[in-house]
Structure formats: structure tokens, C-alpha cells
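Under our numbering, the letters of the sequence shown match residues 1450 to 1688, in that order. Beta carbons are placed, not taken as given, at the ideal position from N, Cα and C, and that holds for glycine. Data first, discussion second: the structure below is written as C-alpha cells.
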Amino acid sequence: MTKPLIIVTGSSSGIGRAITLRLLQSNYPVIGIARYRHHAPLEHHNFISVPMDLADVDTLPEKLNELVDCYPDVQGIVFAAGRGQFGSLEEFSFSQIKSLTDLNFISQAYLAKAYLPLFKKRGNGHLIFIGSEAALKGSRKGAIYCASKFALRGLAQALRDECSKSNVRVTLVNPGMVNTAFYDELDFAPGKEPENYLVPEDVALTIDYILSTRAVLSVDEINLSPLKNVVQSRKKTKQ
Ligand SMILES: NC(=O)c1ccc[n+]([C@@H]2O[C@H](COP(=O)([O-])OP(=O)(O)OC[C@H]3O[C@@H](n4cnc5c(N)ncnc54)[C@H](OP(=O)(O)O)[C@@H]3O)[C@@H](O)[C@H]2O)c1
């Protein structure tokens, strides 16, 4: 049986890349969205690359309308693009507050909004948001990051309530620390022991499972954590 067409944002690195590889392995056709700053798009007969800067929210509505026109058959979206930036609120410039929120929250709401009318009309579709443990508890130096993830959780819960009558499913996956390039420019990282971090494939496997569930089952929210939470601080590398 042909598997449904899935969009994965953040397909060039970390969690999104692992999800893309896993879904391709499971025979889903995948549209990958990222800027492809560090990796070239994957080469696979079932993979379509759509380079896009999701943080450029002013031009996003037009680009997303084109995307929907080009690929109306999409049946699922995995929202894995995002980035981390941490510090006390007063250390953020006004534009940094906006750009982090634009990528981690506004762009996700825009992409969901672009496809929802089609999903609702057709009576199927699945939105899977990658939240974070930061969507569950605010913590020091995480004011804007946590706020963007709390907003995403609110969006997911509201959409779940609103969309179920149209048979559209909404899931939020909240990983703890995952060993990815997310930490490359941060002054902390997960501990070094294997029980201190998840690997991107853990999240990918979870997404594959969520997509494989019966259409009448709603997987609302899943939290994934490393067995032992250990954070190591480290010096930022100067660019
Ligand atoms: N790693 C963790 O510990 C962890 C834990 C919980 C939740 N998360 C969440 O998981 C998501 C993915 O993080 P990750 O760990 O996989 O980090 P990552 O390895 O740095 O990957 C981030 C992805 O987002 C894409 N991206 C960043 N800015 C973009 C933009 N302006 N437009 C389009 N795509 C953009 C990147 O692609 P390009 O740079 O090529 O555009 C890349 O594919 C984020 O939402 C993060 O908050 C991560």
C-alpha cells in the first residue's frame, strides 16, 4: 500500500533529519524543509527537498500558499525545525526575542494554518509538533525558548480539540536533551554518558510509531527523557 506524503521541517539536521531517514526507510514519501546550511538535501527517490527560511515570517505566507498548491496531497506534517537560544531576558535584544519566537512558534502556526483547510475538507491529516521538556516547565535562562515551546503546546492542545471533529489528529512530542547540533553554539550540553541524552533516532522511531497508529487513535502527547538528566556546562566556541 502506498504510504501518505509527509512534510518534515528541519530535515537537514538532528531530529528532523533522523525522522526523514526513518520515514523514507518505512516507505513514506517525504518533503523536507530547511535552509540546508550544513548538509545538502538527502538523495532518495522518495525525497523532495524544499529549501525555505522558516524564520522569514514576512514572506512565509506566500511561500506556504505555493507549497500547498504544489503539494495538496500532503497527509502529515512533522514540525522539527527550531533552534535554542538561552540567556536571561535582558541579555536578549528585541530582535532576538522576535526571531526565536518567529522560528520556534510563529512559523509552525503558519505552516499548520496553510494546510489545515485542506486536511479538514478531506477529513484526514496529522500534525506532529516537536515540543520539548521546556514546554512543560519554565527554567532559568530559558524565558524565550520555554515561552516559544509553551506556546507550541497551547497551539497543539487547542488544535487537537478543534480538529478532531474533522478527523485531523494533533500530537506533541516533548524530548529531553537529544544529542544534536542544537548544542553546537550553546554554553551547555547533555552529559557525556549514554544515559544522559537521547539520540535523534529515538525521536524518529517514536514519530514512525505515531504515524502508524490507527486513524481513530489520538496520541496526544509523548514525553521522552534520558534515563539520567545531567547537564554539562562548557565554553562557547568563538566564531
Ligand atoms: N536537541 C535537543 O536536545 C532538543 C530537545 C527538545 C526539543 N528539541 C527541538 O527539536 C527541534 C530540532 O532540534 P535539533 O536538536 O534537531 O537541532 P538541529 O540539529 O540544530 O536541527 C535544527 C533544524 O532546524 C532547521 N532550521 C533552523 N532554522 C531554520 C530556519 N530559519 N528555516 C528553516 N529551517 C531551519 C535546521 O536546518 P537549516 O539550518 O539547514 O535551515 C535543522 O534542520 C527544535 O525545535 C528543538 O527545539 C531539541
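Any non-hydrogen atom of ligand 1 closer than 6 Å to residue i Cβ
i	result
M1626	yes
T1629	yes
I1464	yes
S1544	no
S1475	no
A1584	no
A1483	yes
R1683	no
L1503	yes
I1694	The requested residue 1694 is not part of the displayed model; the chain covers only 1450 to 1688.
S1548	no
A1529	yes
G1459	yes
L1552	yes
Closest residue to residue i among the options (Cα-Cα distance)
i	options	result
E1515	V1499, V1527, A1530 and Q1524	V1499
Y1485	V1627, I1497 and D1669	I1497
A1530	F1578, V1479, L1585 and D1657	F1578
L1509	G1525, P1521, D1551 and Q1534	D1551
T1662	F1631, G1580, L1585 and H1575	H1575
G1525	H1487, E1644, G1625 and A1664	A1664
D1505	H1494, Y1559, V1527 and F1535	Y1559
R1466	N1645, H1493 and S1581	H1493
L1585	S1674, L1491, P1453 and P1649	S1674
E1634	F1528, L1513, F1535 and H1488	F1535
M1450	G1459, S1475 and S1460	S1475
Q1557	K1684, P1490, L1513 and P1649	L1513
S1460	K1569, V1479, L1454 and K1452	V1479
P1649	G1580, V1517 and N1628	N1628
S1581	I1656, V1527 and C1595	C1595
G1533	Q1606, F1554 and R1571	F1554
V1652	P1643, K1569, V1527 and G1603	V1527
N1408	N1616, P1521 and G1587	Nothing can be reported for residue 1408, as the shown portion of the chain is limited to 1450 through 1688.
Assigned exposure category for residue i - 16 Cβ within 10 Å defines buried
i	result
K1687	With a pLDDT of 48 at K1687, under the threshold of 50, the predicted position of this residue should be treated as unreliable, and no value is reported.
S1597	buried
V1457	buried
G1481	buried
M1501	buried
A1561	buried
Y1477	buried
Y1658	exposed
L1676	exposed
S1462	buried
S1537	exposed
I1455	buried
A1483	buried
S1563	The sequence shown places Ala at residue 1563, not Ser. A1563 comes out buried.
A1583	buried
A1605	buried
Residues sharing a beta bridge with residue i, DSSP
i	result
F1528	T1458 and F1578
L1647	V1627
G1692	The question about residue 1692 has no answer, for the chain in this structure spans 1450 to 1688.
S1544	Beta-bridge pairing links S1544 to no other residue.
S1682	F1637
L1673	P1624
R1618	H1575
V1698	Because the chain is modelled from 1450 through 1688, residue 1698 falls outside the range shown and cannot be assessed.
Report task. Kindly confirm or deny that the segment 1581-1600 and the segment 1608-1616 touch, where touching means at least three C-beta pairs closer than 8 Å. Result -> Too few Cβ pairs lie closer than 8 Å, so no.
Query raised in the report: Can we say the segment 1463-1472 touches the segment 1536-1544, given the rule of at least three CB pairs closer than 8 Å?
Result: With a cut-off of 8 Å, the segment 1536-1544 and the segment 1463-1472 do not count as touching, because too few Cβ pairs lie within range.
Query raised in the report: Within the chosen definition, does the segment 1673-1682 reach the segment 1627-1643 through at least 3 CB pairs nearer than 8 Å?
Result: They touch, by the three-pair rule.
Query raised in the report: Does the segment 1618-1635 come close enough to the segment 1658-1674 that 3 or more CB-CB pairs lie under 8 Å?
Result: The answer is yes - the segment 1618-1635 touches the segment 1658-1674, with three or more Cβ pairs under 8 Å.
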